[in-house]
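Taking it in order: structure first as structure tokens, then the write-up.
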């Protein structure tokens, strides 16, 4: 099923895709992970980063190839829908949009409020917190409505600020490491690497959302794969090096600094000024991640509406700016309600499981597209050794999924069964209405 997305303006280049990958993946997690992983694996912590890095590089290559075959807006959802039909597309769209992106944004809004409240305690008051949410949502909604180009200027500003700050911290940290702190003997238990990998998988999640704006990319068959692969490689490299810097400087004291290891590193290198600066950077990092996810998730709702899987009203474009205004405003209001009530906290446990499920679906789509189109044109970004890389990614993801707590797996299964019933019920009602008009 193809969709007609000619109303969208193609204004995003390779740098825009790279920016979104960095913006989403380098979020609040990077400020906590070094200590959490160290507690599990000790001096051998870098092994978990390498393992997860290989998984995501393999995923990046597979998704890059699929993105060069399918250049419509929608990202993972549209790949699954084109490969396996409307039911799979409906499940992917709802799961990806509401089971991942909406809950992640609600969590990020609250994380921003928590960080800001350390300097402005008044934000802890419920009514002030809601006003804070309104301000943040108002800014990104206005930019989103005005167009992808204006929105990306804002996202790039936030992203480059946090990346430059983290790179500076990383460089100074690496120059001051104690080699004994990063040396290890013996191979850690594989189960412990799996436990640490679950934490890292959650941190790496989301970069693939950068592919959701295929309908707004210049030359998408080139822009999407190259931008995504460069972005994923950059994320893996930054995560590995920042961990080595933190572990190399702080060593065993990481165990006592699980709440803010990067802030402790900055304080160790530059005193209290460094500590304050890293708190500011952490706020910018979360704001950047939130802005990218909010901007990109609207396109998933839009794509589902264009394909006829969701109400057509969400496919309506602004007459001047060519943006899905109703989809943007609907998700902004929904985000405000969920973030303000705190109900997202009970559902946030499903984000990792839902994300891995979407990844598995996209990898299967990668295999299907390869099998039905064995000799694609030169415009397709065909990965060398693609079947091997795809099989590695599929097995690794299945293994990580099996390591999730049963409550998460159970929640995903229940939601899939529920959504399937809803899909067939909506189809039945749609068919009944059509018969009544004929």
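Residue numbers (my numbering): 448 to 885. Beta carbons are placed, not taken as given, at the ideal position from N, Cα and C, and that holds for glycine. What you are looking at is a predicted structure, and each value in this text was computed from that prediction instead of being measured.
Asked, Found
"Using alpha carbons as the reference points, say which of 676, 482 and 736 lies closest to residue 390.", "Residue 390 falls outside the range modelled here, since the chain spans only 448 to 885, and no answer is possible."
"So for residue 459, helix, strand or coil by DSSP?", "strand"
"Can you tell me the Cα-Cα spacing of residue 692 and residue 609, whole angstroms?", "17 Å"
"Can you list the beta strand (DSSP E) stretches of 3 or more residues lying completely in the region 805 to 872, in chain order?", "none"
"Say whether the region 679 to 698 touches the region 550 to 570, bearing in mind that this needs 3 or more beta-carbon pairs closer than 8 Å, one atom from each stretch.", "no"
"Tell me whether residue 889 sits in a helix, a strand or coil according to DSSP, three-state version.", "This structure does not reach residue 889, given that the chain is present from 448 up to 885, and the question cannot be answered."
"Drop a sphere of 10 angstroms on the beta-carbon of residue 872, count the other beta-carbons inside from all chains shown, and report buried for 16 or more, exposed for fewer.", "exposed"
"Considering only residues of the same chain and omitting the five flanking positions on each side of residue 451, which have a CB-CB separation below 6 Å?", "With a pLDDT of only 45 at residue 451, under 50, the local geometry of the prediction cannot be trusted, and no value is derived from it."
"Would DSSP call residue 510 helix, strand or coil?", "helix"
"Could you give the uninterrupted runs of the alpha helix (DSSP H) lying entirely in the region 528 to 607, keeping only those of 4 residues or more?", "533 to 543, 550 to 564 and 573 to 593"
"Using only CA atoms, which one of 862, 870, 880 and 834 lies nearest to residue 505?", "834"
"Could you compute how far the alpha carbon of residue 397 sits from the alpha carbon of residue 513?", "In the structure displayed, the chain extends from 448 to 885; residue 397 sits before or after that span and is not available."
"Between 590, 529, 546 and 625, which lies nearest to residue 738 when the distance is taken from Cα to Cα?", "590"
"With distances taken Cα to Cα, identify the nearest neighbour of residue 537 among 805, 882 and 618.", "805"
"Measure how close the beta-carbons of residue 675 and residue 510 come, nearest whole angstrom, since I'm counting them as under 8 Å.", "6 Å"
"Which word fits residue 802, buried or exposed, when buried means at least 16 other C-beta atoms lie within 10 angstroms of its C-beta?", "buried"
"With the cut-off set at 7 Å, would you say residue 836 and residue 501 are in Cβ contact?", "no"
"Round the Cβ separation of residue 741 and residue 587 to the nearest angstrom and send it over; I've been treating them as touching at under 8 Å.", "5 Å"
"Taking 7 Å as the cut-off, decide whether the C-beta atoms of residue 481 and residue 765 are in contact.", "no"
"Please report the residue range of the alpha helix (DSSP H) in which residue 749 lies.", "708 to 753"
"Please determine if the region 481 to 500 and the region 783 to 790 are in contact, where contact requires at least 3 C-beta pairs separated by less than 8 Å.", "no"
"Based on Cα-Cα distance, which residue from 826, 652, 726 and 664 lies nearest to residue 473?", "652"
"Quick one: grab the DSSP three-state call for residue 883.", "helix"
"Throw me the rounded Cβ distance for the residue 668 and residue 826 pair, which I believe falls under 8 Å.", "5 Å"
"Using C-beta distances below 6 Å, list every residue in its chain close to residue 449, excluding the 5 sequence neighbours before and after it, in chain order.", "Note on residue 449: pLDDT 46, under 50, position unreliable in the model; the coordinate value appears next. Taken in chain order, the list of residues that qualify is empty."
"Starting from the C-beta of residue 728, find all residues in its chain whose C-beta is less than 6 Å away, skip the five residues before and the five after it, and write them out in chain order.", "609 and 612"
"In whole angstroms, what is the alpha-carbon distance linking residue 701 and residue 789?", "31 Å"
"Where residue 458 and residue 602 are concerned, what is the direct C-alpha to C-alpha distance, given to the nearest angstrom?", "14 Å"
"Quick one: which unbroken beta strand (DSSP E) runs of 3-plus residues sit fully inside the region 624 to 692? Chain order, please.", "none"
"Out of 476, 797 and 712, point me to the one whose CA is closest to residue 617's CA.", "712"
"Between the Cα of residue 730 and the Cα atoms of 539, 484, 561 and 596, which residue gives the shortest distance?", "561"
"Where do the N-terminal and C-terminal ends of the alpha helix (DSSP H) with residue 775 fall, by residue?", "772 to 788"
"With distance defined between alpha-carbon atoms, name the residue in 490, 518, 524 and 462 nearest to residue 809.", "524"
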